[in-house]
Amino acid sequence: MRIIALEEHLVTPMYEQHFPPSRRNSPAMLSRQQALGHDVNAELVDIGASRIRHMDAVGIDVQVLSLTQPGAQAFAPDIAIPLAKDCNDRVAAAIKANPTRFAGFATLATAAPEEAAKELERCVKHLGFKGTMINSHTEGEFLDNKKYRPILEAAAALGVPIYLHPRTPHPAVMKAYFDGFEDISTAAWGFAMEACTHFLRLVMAGVFDTYPNLVFILGHLGEGLPFWLDRFEDHTRFYMKGRGLKKTPRQYLTENLVITCSGNFSIPSFLCSVMSMGIDNVLFSVDWPYESNRLGVEFLNRLPLSPSDREKVAHGNAERVLKL
36 MRIIALEEHL VTPMYEQHFP PSRRNSPAML SRQQALGHDV NAELVDIGAS
86 RIRHMDAVGI DVQVLSLTQP GAQAFAPDIA IPLAKDCNDR VAAAIKANPT
136 RFAGFATLAT AAPEEAAKEL ERCVKHLGFK GTMINSHTEG EFLDNKKYRP
186 ILEAAAALGV PIYLHPRTPH PAVMKAYFDG FEDISTAAWG FAMEACTHFL
236 RLVMAGVFDT YPNLVFILGH LGEGLPFWLD RFEDHTRFYM KGRGLKKTPR
286 QYLTENLVIT CSGNFSIPSF LCSVMSMGID NVLFSVDWPY ESNRLGVEFL
336 NRLPLSPSDR EKVAHGNAER VLKL
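Next up, the structure:
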């Protein structure tokens, strides 16, 4: 069975000049590395032999590579534009060296939306990338702001998805919600709250009425949205009509969104996601190197699915969404 993993991260030398490994070495991350059994920062750097060796050890056939969070979204245009181009060129070189093992999500300098749209076109048309990963807010601004429409328009025109990855919440949210409790502000809770709220803003802003074929991807089993889908629809459907939106919440969340299981290897949560979203909208991912390839594949193999549905999750849905 072919296995494709969609949320698999890296760093580049230029990125580390501006966001050094020491900023990722929190006590929580150091203890996480001990549990994982590998050096996360070292594995982020490698987009060659070591990465492929870890893939081969568990039977992962393809990784879709992306710059780790906060990515280019952390920087103003003077840094973000050259950083994004450098990252994309390095990923393209890794794909050229291992064309059957790697694919790419473009890094975009969202602080310069017109430049980001041009870079996405370059990456898709000339480098063969399969979409883009955007690490949520740019200096506190979300993609529903109309200044970012060139990026959304480019993705829609190119027919490629936007993987909306979380990052540390907006500074105002950090102060109000997580001051003194920073340990839960990232992967444990804050990431999910931040990314799912961002996606819902796009829904409520009418982005998917403007671009009805635009597809977003959310990791970590949809950042919890499948669990909330029925309640969200019950409490917003009339409000959404009042905003002039054309579809129901359920339609947007099942027609314009697919999700991956990156870093959320829970069978009850997975089953909830499938029941809410449909099997065609759930894709495999690991979240390497922040998560274990071995645990991810073991989770995939334990899922109570028919052989055909397991194939969809493992590779079929990704092949459709990313045109692999």
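Numbered per my numbering, the sequence shown spans residues 36 to 359. For every residue, glycine included, the Cβ atom is placed at its ideal position computed from N, Cα and C. On a predicted model such as this, the values are computed, not experimentally measured, just so you know.
query: Cβ separation of Gly139 and Ala128, assumed to be a contact under 8 angstroms, to the nearest whole Å; result: Contact flag wrong, Cβ pair sits at about 10 angstroms.
query: Member of Leu237, Val159, Phe273 and Gly298 whose CA lies at the smallest distance from the CA of Phe226; result: Gly298
query: Those residues which DSSP pairs with Glu176 across a bridge; result: Thr173
query: For Phe273 and Asn123, the rounded distance between their alpha carbons; result: 43 angstroms
query: Proximity to Arg236 [Cα-Cα], best of Leu318, His73 and Arg278; result: Arg278
query: DSSP state of Phe262 mapped onto helix, strand, coil; result: helix
query: Three-state class that DSSP yields for Glu42 in the structure shown; result: strand
query: Arg86 burial status per 10 Å Cβ neighbour count (16 or more: buried); result: buried
query: Within 8 angstroms, strictly: CB atoms of Lys165 and Lys347; result: no
query: Nearest-angstrom Cβ-Cβ length linking Met64 and Val75, presumed shorter than 8 angstroms; result: 7 angstroms
query: Cα-Cα separation between Gly72 and Leu41, rounded to whole angstroms; result: 22 angstroms
query: First through last residue of the alpha helix (DSSP H) which encompasses Ser308; result: Ile302 to Met312
query: Proximity of His172 and Arg202 at Cβ, strictly below 8 angstroms; result: yes
query: Exposed unless 16 or more other CB atoms sit within 10 angstroms - verdict on Ile95; result: buried
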